[in-house]
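Visitor:
Protein chains: 4
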Amino acid sequence: MSHQQRKDDHVAHAHALYRERRINDFDHLDFVHHSFPELDCVAISLATRTRAFAWPFPFYINGMTGGSAKTLEINRQLGEVAQATGLAIASGSQSAALKDPNVRASFSVLRERHPNGFVLGNVGAGVSPTQAEQAVEMLHADALQVHINAPQELVMPEGDREFGAWLDNIEAIRARVGVPVVVKEVGFGMSEETAFRLRERGVELVDVSGRGGTNFIAIENLRRSAQEYDYLEGWGQSAVVSLLEVSPHMGALDVLASGGVRHPLDVLKALALGARAVGVSGRVLHILLSEGPEVLIETLEAWKAQLRTLMAMVGATTVEELRHTDLLIRGPVREHCELRGIDPMTYARRARSARHGG
Amino acid sequence: MSHQQRKDDHVAHAHALYRERRINDFDHLDFVHHSFPELDCVAISLATRTRAFAWPFPFYINGMTGGSAKTLEINRQLGEVAQATGLAIASGSQSAALKDPNVRASFSVLRERHPNGFVLGNVGAGVSPTQAEQAVEMLHADALQVHINAPQELVMPEGDREFGAWLDNIEAIRARVGVPVVVKEVGFGMSEETAFRLRERGVELVDVSGRGGTNFIAIENLRRSAQEYDYLEGWGQSAVVSLLEVSPHMGALDVLASGGVRHPLDVLKALALGARAVGVSGRVLHILLSEGPEVLIETLEAWKAQLRTLMAMVGATTVEELRHTDLLIRGPVREHCELRGIDPMTYARRARSARHGG
Amino acid sequence: MSHQQRKDDHVAHAHALYRERRINDFDHLDFVHHSFPELDCVAISLATRTRAFAWPFPFYINGMTGGSAKTLEINRQLGEVAQATGLAIASGSQSAALKDPNVRASFSVLRERHPNGFVLGNVGAGVSPTQAEQAVEMLHADALQVHINAPQELVMPEGDREFGAWLDNIEAIRARVGVPVVVKEVGFGMSEETAFRLRERGVELVDVSGRGGTNFIAIENLRRSAQEYDYLEGWGQSAVVSLLEVSPHMGALDVLASGGVRHPLDVLKALALGARAVGVSGRVLHILLSEGPEVLIETLEAWKAQLRTLMAMVGATTVEELRHTDLLIRGPVREHCELRGIDPMTYARRARSARHGG
Amino acid sequence: MSHQQRKDDHVAHAHALYRERRINDFDHLDFVHHSFPELDCVAISLATRTRAFAWPFPFYINGMTGGSAKTLEINRQLGEVAQATGLAIASGSQSAALKDPNVRASFSVLRERHPNGFVLGNVGAGVSPTQAEQAVEMLHADALQVHINAPQELVMPEGDREFGAWLDNIEAIRARVGVPVVVKEVGFGMSEETAFRLRERGVELVDVSGRGGTNFIAIENLRRSAQEYDYLEGWGQSAVVSLLEVSPHMGALDVLASGGVRHPLDVLKALALGARAVGVSGRVLHILLSEGPEVLIETLEAWKAQLRTLMAMVGATTVEELRHTDLLIRGPVREHCELRGIDPMTYARRARSARHGG
Ligand SMILES: Cc1cc2nc3c(=O)[nH]c(=O)nc-3n(C[C@H](O)[C@H](O)[C@H](O)COP(=O)(O)O)c2cc1C
Ligand SMILES: Cc1cc2nc3c(=O)[nH]c(=O)nc-3n(C[C@H](O)[C@H](O)[C@H](O)COP(=O)(O)O)c2cc1C
Ligand SMILES: Cc1cc2nc3c(=O)[nH]c(=O)nc-3n(C[C@H](O)[C@H](O)[C@H](O)COP(=O)(O)O)c2cc1C
Ligand SMILES: Cc1cc2nc3c(=O)[nH]c(=O)nc-3n(C[C@H](O)[C@H](O)[C@H](O)COP(=O)(O)O)c2cc1C
């Protein structure tokens, strides 16, 4: 099976497996409703920042594709959508283009269509620092995502089987490329231990990309005749759980979140849990493929407006203030917290503790 | 879209979305059954009181409508029902009449039909103190509801976007109008923090009006072609949760409850949680529109009789004694309590603690 | 509506509402499986005793009916079944016969058919001590059940409305009748507070008769055209919860259990929770009416054999030893325990504590 | 009913009752996903050991059948599968052959087809030490399973009813036979107390064989016309719960696990809970009967490959290292732990405690 075919498969299967309103861990998180927003909506700002960059909007189009004729067309449209909406956008893995110059255009089209926007490159944790540098150059990238996807590699027959050098390599990539590096999961989420390991290596930006949306084990199973890894489809933790897991490291790490984001309320919840910005892949792809780029642009503009509404509902004029809202962590997410030593209570009483303490 | 049309839409959509026995948080509350009522039913009284007024019955018809020809007819019937049953009744928001004198009759008909009854006016938290005064005069109102409905305003395209002055304004309204003021939610419930804010402003009466019955986000979504706020339909807390939330302030505040009340057992539960009286809107409207005023009067009379029966079952001769019954707070409501620092145990052992202590 | 008709209705509705394997609180109780019974089955005895009497089997046919031509026939068959199986049997409420001598035969037939067996009379808590004495005489009863059924009375249009004198009256009945008195619920269960009240009055025998089987609110609702008390059908606590509730009083009270018993495993569980014997009504009636007395006798004989099997499985040779088995109290029953201050843990570790302590 | 017929029935009913992906307690156990395996797959070894033996693979074909013409054929095929895959295999109960030499071949065929493999004999806890010795000889067995199956015996009309001597007898068997003895449940699981009793008798090897897969009460019920023990089909505890129960004795006992194992992820979970190896019966039988020995061999080879993949995902190069992975114990299993005094938290934080402590 050719590399191009694999890329087209990923897109087709992700699209086929997409379900609009699938229940996920965001549904186990509720805001406490306080009746008085104590603000006027005009004061609300959607801007967000990390130590490495500042964005006008706290959500972005996350890394997906490239590497074939079909995905060139998708990336062209995604680039245009990012340009029209002013959103940051990440590329899919550029490995193919690092090996085969013929498919470079399917990636560089992103930059071509979004010339002044924020574009993130994307490579796997196994590429050499030199290749990582080439990936950045290919897109004149503003930042580089380095994806870590061990479960996917392991389930792919043609996947990587050597993980021993990943952490060293990430350190070397960071040292070499001249742009900020985001270490990024691909839908399995992160743990406290993973964040700890990354901090040890000097990483300052992560994207926890959790379970509950695009499911790469399900996708790879569709690509195998026997589908023998169906029992693995629940693997990993959600963005919600991941944000709770990595929260002790949020001083040292700027955390981005993605995975299973369905609508602006999910964005709001991730931001309230401490994410600096929120990535969307599956839902963006779904709208693009089923309704086209115009509807996608309209939808993303509507998200911006709705996000302002939602910020008003919880009385926040800035993304930072969302981190002082009251969140109820329920059911299985609460159980996860209790088992892992994360206190779910403090999240439920942040406004009050501001009243008493701060 | 005209103001009249909006009022008719609200009624039509509330009616269409109504479900007779929808599960809600009242179902997560059980009384402990004690076999000996130790009373004779003749001794039971349904009377209730707050520091501001005394009512013969502990439930009332809550604020709904007015402002159009159709809603004039509804208010005429509601006024007659209140008159026949001796229940207190609240008006829907009088804003329309404050702007357009032509629709005043659709509100004043309430007082016309219920000349000696207890009638509550209703305005939004954004009206001026003078307008509030006019609203009271319009109905010769015995009290004034000031509704706080930020989520509804935000979801309405034509809604208010400035909330910064609401608390000051509520204080000014109270200072101006010569009748008791009830600050009232509209189906999203109240939090401890909201009660705290209101106490700070000298408010003494609130109606927590919680989630689980009429759902204004669902209603407003039906009015939008895109229905893009469907993910918000679970917003807010129930009357049950709200009563638990505000309970630390029940010394300073007299609390009324509404939202999702389906039958007399819900009334009993709200009273047992400390409500002084219980408002009903959706169910009243549903019976009126589907079965007419006669059946509504019969039903409300049956509620009185059933409420006596239920009080006998839990051994209470007065509404106050209901606050010493044993309540089991279960499942998601219990989880809410634990997360927010409310002790669910004491409610389950109130009879016993009377045995030991009082 | 005539008294006879009411009795026939109760039987017909109880039969119609019966469901063979309805989930109830017994399903929230599990034994810990220990692999070594450490006994030989021949050593197992089913005998049980209270301070008032000793029975060869730890289950009995609980109070049901009488008072009409149809129920005379049912009681005749039940008397024959009790005689054939050697089980104790209780009469339905004898109130009708105390007022109308014509229906006495429909009760006394029980004793006629079970001449040397253990027969319990049955009266309500409102009858006079003299009437209670007459009820005992009518059946040459070995004991007298005094039923307490406030919720049923309250839901019945023709029901009792005066409960103030019940406890005094129970004391007076006990003082007058020359046989042991069992104070008995009718499917709503007992609380710690109820057991406490009864102990205060010198009562030594109770039947907690809990929710989960025959449901008298559902039955009475079927008898009303409007069925307006449908929201009350979940009222009360189960036999399982009741046994946990009254356990602190098991030194002073001998506790019988009934309500929702479907099969011998439910009997075993009630005995393991401390019941001295276990009453069955709905299931007995169901088999009698749908399959006849022969099948009922076979079934009850099979229950004896199965109960021996089950006692072997948990390593108990006597009913008393069942009180040292390990029970897991789960889900909503566990929640009830936690809310009411009952420790569910000790029940799960009784074998172990015998190892360490006793 | 002949003994042969019973053996054929067991196979037929086990096959008929088998469900491919039935939910069981393994589903209440999740690994925490850590993104960095920090290993290369080539380093992974599947080998496992107990104090009594060492195996190249950590799963085995558990004891099933023999004793009739049909089961001879099954055992012939199972022996060939074990030979082809190099897996250890246990025989079904050899009691029949101890009484009737004509059926010996149906057991010894296992050894005949798997001449150099690891073969376990199987007898009940009631056989004499001499019979146990004969069973070992019959198979030139490398070890002997002594099964304990009180619930099954009790539900079988023809079953054993004397359990008083089982523990003494197990001690005597161990003293006599020259091979390691595995005391084994048959699908009802073990408790801490059972492990304690076995340790007292010097037993060093157990197979907890828990609930959730093959269900011998369901099978025996199918063999009875009345199926009167259907209420017992939930009896016992799962392999997951059993491993947690017996964990305090894992120093003195080497624990094998079986019962409800559906796929390699269940194997991984049992190993992570401390099992030295994992037995599979129902699933093996199902594949054999529905797809034949070739597919069974392919499947078991696939399990080996998948198990390596899974070990890589949790960063373990050896079976021992699996015992330091992070496991989330959820829902009903967590409740079991809390009720029985087992700490579910430590399992969720094993990697971290290695970071801090070891
Ligand atoms: C079609 C498709 C291809 C993807 N390819 C990549 C990739 O090459 N590199 C990467 O880091 N993530 C890739 N992802 C993962 C996403 O960036 C994201 O982590 C994951 O889809 C979860 O987010 P979602 O639930 O919003 O889709 C891909 C996702 C999709 C849907
Ligand atoms: C048709 C309709 C119109 C309403 N209009 C108002 C209003 O104008 N002002 C107000 O305070 N509440 C209004 N409400 C809210 C009710 O007073 C109440 O807070 C809410 O419906 C929850 O109670 P329920 O579940 O019993 O309907 C309205 C409710 C309905 C059903
Ligand atoms: C038809 C019927 C009539 C009953 N009548 C009486 C009665 O007269 N007195 C009484 O104490 N209990 C009466 N009961 C209640 C039973 O004794 C028992 O408390 C209740 O049915 C719960 O047990 P079950 O679930 O096994 O039916 C009656 C039950 C049935 C089914
Ligand atoms: C058809 C069949 C026959 C069995 N016979 C025996 C037996 O004779 N001795 C024994 O110890 N276990 C016997 N077992 C039980 C298994 O060894 C194992 O403990 C049980 O089936 C649970 O594992 P599973 O869920 O993988 O099937 C038998 C299982 C099956 C399916």
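Chains as they are written, first to last, in my numbering: chain A, 1 to 358; chain B, 359 to 716; chain C, 717 to 1074; chain D, 1075 to 1432. The beta-carbon is built from N, C-alpha and C at its ideal position, and this holds for glycine as well.
#1: Does any CB atom of chain C fall closer than 7 Å to the CB of Y1092/D?
#2: Is G780/C near ligand 3, judged by its Cβ being under 6 Å from some heavy atom?
#3: What runs of the alpha helix (DSSP H), each 4 residues or longer, lie entirely inside the segment 463-505 of chain B?
#4: Please indicate yes or no: does the CB of H10/A lie closer than 6 Å to some heavy atom of ligand 1?
#5: Does the beta-carbon of T1288/D, which I'm using as the reference point, lie nearer than 6 Å to any heavy atom of ligand 4?
#6: Go ahead and label G1070/D buried or exposed: buried means 16 or more other beta carbons lie within 10 angstroms of its beta carbon, across all protein chains shown.
#7: Just mark E789/C as buried or exposed, buried being the case when its beta carbon has 16 or more other beta carbons within 10 Å.
#8: Can you tell me whether G952/C sits near ligand 3, meaning its C-beta is under 6 Å from at least one heavy atom of the ligand?
#9: Is there a Cβ of chain D sitting closer than 7 Å to that of V1030/C, yes or no?
#10: State yes or no: is the beta carbon of S1355/D nearer than 7 Å to at least one beta carbon in chain C?
#11: Hey, is the segment 736-756 of chain C in contact with the segment 1046-1058 of chain C, meaning 3+ C-beta pairs nearer than 8 Å?
#12: Between M1027/C and chain D, is there a C-beta pair that is closer than 7 Å?
#13: Kindly list, in the order they appear in chain D, the residues whose Cβ is closer than 8 Å to that of P151/A.
#14: Taking the beta carbon of H140/A as the centre, do at least 16 other beta carbons fall within 10 Å, making it buried, or is it exposed?
#15: Can you determine whether any heavy atom of ligand 4 sits closer than 6 Å to the C-beta of N507/B, and answer yes or no?
#16: Check for me: the alpha helix (DSSP H) holding S191/A runs from which residue to which?
#17: Who are the Cβ neighbours of M514/B in its own chain at under 6 Å, not counting the five residues just before and after it?
#18: Along the chain, where does the alpha helix (DSSP H) containing I173/A start, and where does it finish?
#19: Can you list, in chain order, the residues of the segment 402-433 of chain B whose Cβ is nearer than 8 Å to any Cβ on chain C?
#20: Ignoring anything shorter than 4 residues, give me the alpha helix (DSSP H) runs that lie fully in the segment 1285-1351 of chain D, in order along the chain.
#21: Report yes if the C-beta distance between T1288/D and A1164/D is below 7 Å; otherwise report no.
#22: Kindly indicate which three-state DSSP category D343/A falls into: helix, strand or coil?
#23: How many angstroms separate the CA atom of H863/C from the CA atom of A440/B?
#24: Kindly indicate the opening and closing residues of the beta strand (DSSP E) around I687/B.
#25: What does the alpha-carbon distance come out to for the pair W615/B and L601/B?
#26: Residues in the same chain with beta-carbon distance under 8 Å from G1074/C, minus the five sequence neighbours each way, listed in chain order, please.
#27: Would you say S236/A faces chain D, with C-beta separation under 7 Å as the test?
#28: Return the first residue and the last residue of the beta strand (DSSP E) that V540/B is part of.
#29: Where do the N-terminal and C-terminal ends of the alpha helix (DSSP H) with D366/B fall, by residue?
#30: For chain C, find out if any of its Cβ atoms is closer than 7 Å to the Cβ of C695/B; answer yes or no.
#31: Per DSSP, which one or two residues make a beta bridge with T48/A?
#32: Distance check for A370/B and W663/B, CA to CA, integer angstroms please.
#33: Along the chain, where does the alpha helix (DSSP H) that runs through E29/A open and close?
#34: Is any heavy atom of ligand 2 found at a distance shorter than 6 Å from the C-beta of K457/B?
#35: Given that Q1022/C touches chain D, what residues does it touch there, using C-beta distances under 8 Å?
#36: If you measure between the beta carbons of L98/A and I61/A, is that distance less than 7 Å?
Guide: Once the coordinates are examined:
#1: no
#2: According to the sequence displayed, residue 780/C carries Met and not Gly. Yes, Cβ of M780/C sits closer than 6 Å to a heavy atom of ligand 3.
#3: 463-471, 487-497
#4: yes
#5: yes
#6: Since the first and last residues shown for chain D are 1075 and 1432, residue 1070/D lies out of range.
#7: exposed
#8: no
#9: no
#10: no
#11: yes
#12: no
#13: H1107, M1387
#14: exposed
#15: no
#16: Neither: S191/A is in no alpha helix (DSSP H) and is coded neither H nor E.
#17: E578
#18: 166-176
#19: none
#20: 1290-1297, 1313-1320, 1338-1346
#21: no
#22: coil
#23: 41 Å
#24: 685-687
#25: Correcting the residue identity first, residue 615/B is Ala in this sequence and not Trp. Going from the Cα of A615/B to the Cα of L601/B covers about 7 Å.
#26: With a pLDDT of 46 at G1074/C, under the threshold of 50, the predicted position of this residue should be treated as unreliable, and no value is reported.
#27: In the sequence on display, residue 236/A carries Gly and not Ser. Taking Cβ atoms only, chain D reaches closer than 7 Å to G236/A, which makes this a yes.
#28: 539-542
#29: 361-375
#30: no
#31: W55/A
#32: Per the sequence presented here, residue 663/B reads as Ala, with Trp not at that position. Using only the alpha carbons, I get a separation of about 30 Å.
#33: Strictly speaking, residue 29/A in this sequence is Leu, with Glu absent from that position. First-last for L29/A: 29-31, but that is the beta strand (DSSP E), not the alpha helix (DSSP H).
#34: no
#35: E1302, Y1303
#36: no
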